[in-house]
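First up is the structure itself, then whatever we jot down about it.
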Amino acid sequence: MRKIKLGFIGSGYMGQRAHIANYATLPDVELVALAEGRTETAKAVAQRYGIKTTYSSHKEMLEKAKLDAVVAIMWFTLHHTVVPDIVEKGLPLLTEKPICVCPGTGKKLVKQAQEKGSIYQVGYMKRCDPGTRFVKKKIAQWKQSKEFG
Numbered sequence: 049m050r051k052i053k054l055g056f057i058g059s060g061y062m063g064q065r066a067h068i069a070n071y072a073t074l075p076d077v078e079l080v081a082l083a084e085g086r087t088e089t090a091k092a093v094a095q096r097y098g099i100k101t102t103y104s105s106h107k108e109m110l111e112k113a114k115l116d117a118v119v120a121i122m123w124f125t126l127h128h129t130v131v132p133d134i135v136e137k138g139l140p141l142l143t144e145k146p147i148c149v150c151p152g153t154g155k156k157l158v159k160q161a162q163e164k165g166s167i168y169q170v171g172y173m174k175r176c177d178p179g180t181r182f183v184k185k186k187i188a189q190w191k192q193s194k195e196f197g
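Numbering (our numbering), first residue to last: 49 to 197.
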């Protein structure tokens, strides 16, 4: 079976310690590229996790690297600067939560991904957490009591 060729945008704390470190343990994933504006950080992360090539910009990575998917791990305030370029290539992508600063921009990003046939997943990792599910249930009950009470 062919390995999934993965590219990363950003290598801050979440990028290194959560995403890149975890993907590096998967046998069916090949860490192909990292786009990171901080050159020394990019080199150190690439060496630590065996990422083949680093780029100074996401646009350069998307143009030159042969990728199957992208994980963009950056401040959510910057998602709108990279997501359109990724979905334009038709690549599946993952970003962390929240999708962006305002709902209108989030809807626009999702619509762009849908129009290009690109899968866009936002990492809401706690949706199956028992505590999170409990709070969600209580909020729903509270809303219902306000609406019908």
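Beta carbons are placed, not taken as given, at the ideal position from N, Cα and C, and that holds for glycine. All values reported here derive from a predicted model rather than from experimental measurement.
Residues bridged to Val118 [DSSP beta-bridge criterion]: Gly55, Leu141
Tyr172 in three-state terms, based on DSSP: coil
Span separating the alpha-carbon of Lys185 from that of Gly179: 10 Å
Top-ranked residue by Cα proximity to Gly85, from Thr125, Thr102, Leu157: Thr102
Outcome for Met49 when other beta-carbon atoms lying within 10 angstroms are tallied against a minimum of 16: exposed
Residue(s) in a DSSP beta bridge with Leu79: Leu54
Inter-residue Cα distance where the pair is Glu88 and Gly63: 15 Å
Rounded Cβ spacing between Pro140 and Gln160 (contact assumed at less than 8 Å): Between Gln160 and Pro140 the Cβ distance is about 14 Å, and since that is not below 8 Å, they are no contact.
Per-residue DSSP class, three states only, for Thr89: helix
Separation of Tyr172 from Ala83, as counted between CA atoms: 23 Å
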